[in-house]
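Note that the protein sequences, when read in sequence, are chains A and B. Each residue of the first sequence is one higher than the one before, starting from 1 at the first, in the working numbering. Each residue of the second sequence is one higher than the one before, starting from 115 at the first, in the working numbering. All C-beta atoms in this analysis are idealised placements derived from N, C-alpha and C, irrespective of residue type, glycine included. As the structure is a computational prediction, the values presented were derived from the model and not from experiment. The block underneath contains the structure these notes are about, expressed in structure tokens.
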Amino acid sequence: EAGVTQSPRYAVLQEGQAVSFWCDPISGHDTLYWYQQPRDQGPQLLVYFRDEAVIDNSQLPSDRFSAVRPKGTNSTLKIQSAKQGDTATYLCASSFRQSSYEQYFGPGTRLTVL
Amino acid sequence: QQKVQQSPESLIVPEGGMASLNCTFSDRNSQYFWWYRQHSGEGPKALMSIFSNGDKKEGRFTAHLNKASLYVSLHIKDSQPSDSALYFCAYMPNYNVLYFGSGTKLTVEP
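Here it is as structure tokens:
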């Protein structure tokens, strides 16, 4: 069974530039999460979806960050105007609510904003 | 406010030794607790979950939960160099969202 895949694996930007991250969850998983993991810290939830619906985006900096999952499968997280404080690894995870609640993580995208 | 406090921040144990990691949490409504492990360059991977008070053993790993004391721990017996990684405790207050601690960096020296 294929795991969660993410692309790109690395991104380096200047402040003010835009960037998009793409996630392909495990097939059949109805719930998809985006986390931000600053260096030497634990992951922090940004947003999560059940199928195509946003369930909680309260931690998403809405003025610059956006996330979509239009068909309830793949998802894209976008930063419109990146800041140095956005430097972190962005992790995607998926789960199936009818099973054990375990979240399966992708390898992440490491973002550096100069 | 940090909802999950992990200790120690870093830990070095010899190969074959016992590693002990600790977490305290502040949400008395927490129902479900997890230990995740993250090797360098990878995403976190679940080690085990625990939701009942007491001990749960899976191979060399034993988790302990005490909800009254708001405390969860992980003990790794016969530590191997491949166990060197970041370890996170996490809890789920509502079976949806995971709240992670800040992590413990474990180094197992051959």
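When C-alpha distances from B/Ala177 are compared across B/Ser183, B/Ala160, B/Gly168, the shortest belongs to B/Gly168.
Within chain B, the residues placing a beta-carbon under 9 Å from that of A/Phe105 are Tyr150, Gln152, Glu156, Gly157, Pro158, Lys159, Ala160, ordered along the chain. The C-beta of A/Gln41 comes closer than 8 Å to at least one C-beta of chain B. Here A/Leu46 is not near A/Gln37, since their CB atoms are 8 Å or more apart.
Taking the beta carbon of A/Leu91 as reference, the chain B residues within 7 Å of it are Gly157, listed in sequence order.
Collapsing the DSSP output to three states places A/Asp56 in a strand. About 7 Å separates the beta carbon of A/Asp24 from that of A/Val4, a gap short enough to meet the 8 Å contact definition. For B/Tyr205, the nearest beta carbon of chain A is not closer than 8 Å to its own beta carbon.
Counting only Cβ-Cβ distances below 9 Å, A/Glu102 has contacts in chain B at Trp148, Ala160, Ser163, in chain order. Under the 8 Å criterion on CB atoms, B/Phe214 is classed as interfacial with respect to chain A. Taking every protein chain shown into account, the CB of B/Gln194 has fewer than 16 other CB atoms within 10 angstroms, so this residue is exposed. The criterion of a C-beta distance shorter than 8 Å is not satisfied by A/Ala93 and A/Leu111. In the three-state DSSP reduction, A/Asp24 falls in the strand class (E or B). The beta-carbon of B/Phe175 is placed no less than 8 Å from the nearest beta-carbon of chain A. The alpha carbon of B/Ser154 has as its nearest neighbour, out of B/Pro224, B/Asp197, B/Glu223, the alpha carbon of B/Asp197. Burial check for A/Pro70: the Cβ neighbour count within 10 Å stays below 16, so the residue is exposed. The three-state secondary structure of A/Gly72, taken from DSSP, is coil.
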